[in-house]
DNA sequence: TAACATACATACTGGTTGGTATGTTGGCCA
DNA sequence: TGGCCAACATACCAACCAGTATGTATGTTA
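Chains as they are written, first to last, in our numbering: chain B, 52 to 268; chain W, 52 to 268.
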């Protein structure tokens, strides 16, 4: 009489259930890693949050490390792509406006600010300790930087971005500012710090506009 | 016949030995926290590195948390003061030159870059989890920001810094840049990233100089 | 020199960790 | 309808964790 706590599955195929279990594990792991870091996130806690058992976890993932890597690939990477890569690739807006829009889209709700940036959190903790994490996270950072550099180069060819700006350098600096302010705001546990940071970053972005191409302010 | 592994102490007073033990614990803890984070740093490992026993540890500190707090107060805080607060207070250099000097003094040896910034590491990990850490680290960040803002204000009164610069904002932005680049370099595990970041920060600092007060380049 | 406090050293504990070994169940196919 | 396998569920384990209880060598004081 083991393994029958829940009502038996009715019509849904087993395969669909399996994918759902995997997804719940990824979401729970992502949340717990966000809360307390990868190393300190307990598998038992993740399982409790996900509402699945250890057997299910180790059916889908070989180890805690593999689960963490999957979180990077399947949760964090799509998130960065959705917020920083795709919006900049659309090519509809003026490049500087597009970057300002992305910066102003950074969440500033208390819960988000206090938790910091998921990408940066994991990178800080795991990059020196685990090459698997490091490589996956580096791919995300590279894509981010390249997306920013790309719009800056485009802006230069269209004359809206200053020619003396080095796109790769400026992209790195933007990301450093974003992550740096996220760190300061997380440490202060105060959304005001992040809001002030966004204002300063936006001010710096405006300074990249080519003279005679200023739209407003 | 317990507790006589080592030669009996000869002439040194007990009090001196005690202080030395405490200091070794702080240094070992600082190193291990730097390597793997506070939560993942094992007390047994710290003790092995320090070459002392658990009895000694719990004679000097009430708990692992108290040891961590002491590392912040007695290792990290003096380090930041020595590198960022005192050099800026001396008032001998031109303010912008002083800031450039501090930025260029950031260590870029592989070991330093790969480990990241001790202050930022701990803040990222512990600020959301432990108010004792958060308050101590916030004091350090505040002192750092205030030291930078102070020289900028001084530069404005002496005419060497642009008047439209908001010292508090610029100080926060500088710190965000420094910590942001430290994060990126740590993730990339590559000193080149930090060196490029320092160049970009220095370039930004030069842009704060008042017109007609440019010293070189 | 006897009593005492300081500064440890050692052994141990209960709880937690990631991981494993072994069941069990329901759908599916021959 | 009997066998098979994906997809779990449960119980368990050795290692490790922070912390504690207790012992003891040594300098200081009365």
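The C-beta atom is built at its ideal place from N, Cα and C for all residues, glycine as well.
Own chain residues within Cβ distance below 6 Å of residue i, not counting five before or after
i, result
"residue 255 of chain W", "none"
"residue 142 of chain W", "none"
"residue 59 of chain B", "Note that residue 59 of chain B scores a pLDDT of 34, beneath 50, so its modelled location is shaky; the value from the coordinates is reported in the next line. Hits under 6 Å: none found."
"residue 63 of chain B", "Reliability of the predicted coordinates at residue 63 of chain B is poor, the pLDDT of 41 falling under 50, and the value obtained from them is presented with this limitation in mind. Cβ neighbours of residue 63 of chain B beyond the five flanking positions: none."
"residue 242 of chain W", "159, 161 and 164"
"residue 174 of chain W", "188"
"residue 235 of chain W", "244"
"residue 228 of chain W", "252"
"residue 79 of chain W", "97, 100 and 101"
"residue 204 of chain B", "218"
"residue 152 of chain B", "none"
Beta-carbon separation (whole angstroms), residue i vs residue j, contact threshold 8 Å
i, j, result
"residue 202 of chain B", "residue 150 of chain B", "7 Å"
"residue 102 of chain W", "residue 71 of chain W", "Contact flag wrong, Cβ pair sits at about 11 Å."
"residue 273 of chain B", "residue 77 of chain B", "With chain B running from 52 to 268 in the structure shown, residue 273 of chain B is simply not present."
"residue 212 of chain B", "residue 138 of chain B", "The pair is not a contact, with the Cβ atoms about 17 Å apart (cut-off 8 Å)."
"residue 185 of chain B", "residue 238 of chain W", "7 Å"
"residue 127 of chain B", "residue 169 of chain B", "5 Å"
"residue 176 of chain W", "residue 88 of chain W", "5 Å"
"residue 183 of chain W", "residue 116 of chain W", "7 Å"
Chain-ordered neighbours of residue i on chain B, where CB pairs are closer than 7 Å
i, result
"residue 246 of chain W", "Here the premise fails: no neighbours, minimum Cβ distance about 12 Å."
"residue 124 of chain W", "The contacting residues do not exist; residue 124 of chain W stays about 16 Å from chain B at best."
"residue 156 of chain W", "The premise fails here: residue 156 of chain W is roughly 18 Å from chain B at the closest Cβ pair, so nothing lies under 7 Å."
Proximal residues of chain B, C-beta to C-beta of residue i below 9 Å
i, result
"residue 114 of chain W", "Under the 9 Å cutoff, chain B gives no residues; its nearest Cβ is about 17 Å from residue 114 of chain W."
"residue 97 of chain W", "What residue 97 of chain W touches in chain B: nothing, since even the nearest Cβ is about 16 Å away."
Interface residues of chain W facing residue i [CB-CB closer than 9 Å]
i, result
"residue 91 of chain B", "88, 90, 91, 176 and 180"
"residue 206 of chain B", "Within 9 Å Cβ-Cβ: nothing; residue 206 of chain B doesn't reach chain W, min ~18 Å."
"residue 68 of chain B", "None at all; the shortest Cβ gap to chain W is about 35 Å."
"residue 102 of chain B", "Chain W residues near residue 102 of chain B: none, gap ~24 Å exceeds 9 Å."
Bridge partners - residue i, DSSP secondary structure assignment
i, result
"residue 22 of chain W", "Given a span of 52 to 268 for chain W in the structure shown, any question on residue 22 of chain W remains unanswerable."
8 Å Cβ shell around residue i - same chain, five flanking residues per side excluded
i, result
"residue 268 of chain B", "Per-residue confidence for residue 268 of chain B stands at a pLDDT of 40, beneath the threshold of 50, marking its modelled position as unreliable; the derived number appears in the next sentence. Correct list, in chain order: 257."
"residue 112 of chain B", "76, 118 and 121"
"residue 226 of chain W", "192, 195, 196 and 199"
"residue 223 of chain B", "196"
"residue 249 of chain B", "154, 155, 157, 159 and 232"
"residue 136 of chain W", "194, 195 and 198"
"residue 86 of chain W", "92 and 166"
"residue 131 of chain W", "170, 191, 194 and 195"
Interface partners of residue i on chain B, CB under 8 Å
i, result
"residue 240 of chain W", "178, 179 and 185"
"residue 119 of chain W", "In chain order: nothing, as chain B lies at least about 14 Å away."
"residue 210 of chain W", "The premise fails here: residue 210 of chain W is roughly 22 Å from chain B at the closest Cβ pair, so nothing lies under 8 Å."
"residue 263 of chain W", "Neighbours of residue 263 of chain W on chain B: none; closest Cβ ~20 Å, over 8 Å."
Cutoff 7 Å; reference residue i; Cβ partners in own chain excluding five residues on either side
i, result
"residue 219 of chain W", "200"
"residue 156 of chain W", "134"
"residue 45 of chain B", "Absent from the structure is residue 45 of chain B, since the part of chain B shown begins at 52 and ends at 268."
"residue 104 of chain W", "98"
"residue 240 of chain W", "165"
"residue 206 of chain W", "146, 147 and 212"
"residue 106 of chain B", "none"
"residue 178 of chain W", "184, 185 and 188"
"residue 109 of chain W", "none"
"residue 246 of chain B", "159"
"residue 230 of chain W", "168 and 171"
Contacts that residue i makes with chain W (C-beta to C-beta distance below 8 Å)
i, result
"residue 226 of chain B", "231 and 235"
"residue 215 of chain B", "Those do not exist, as residue 215 of chain B stays about 11 Å from chain W at its closest Cβ, beyond 8 Å."
Chain W contact residues for residue i, given Cβ-Cβ distances below 7 Å
i, result
"residue 106 of chain B", "None at all; the shortest Cβ gap to chain W is about 27 Å."
**Q.** Short-range partners of chain W found in the segment 164 to 192 of chain B, where Cβ spacing is below 7 Å
**A.** Residues passing the 7 Å Cβ filter: 165, 166, 167, 171, 172, 174, 175, 176, 178, 179, 180, 185, 188, 189 and 192.
Q | Members of the segment 126 to 154 of chain B that neighbour chain W once the beta carbon cut-off is set at 9 Å | A | Cβ proximity to chain W below 9 Å picks out nothing from the segment 126 to 154 of chain B.
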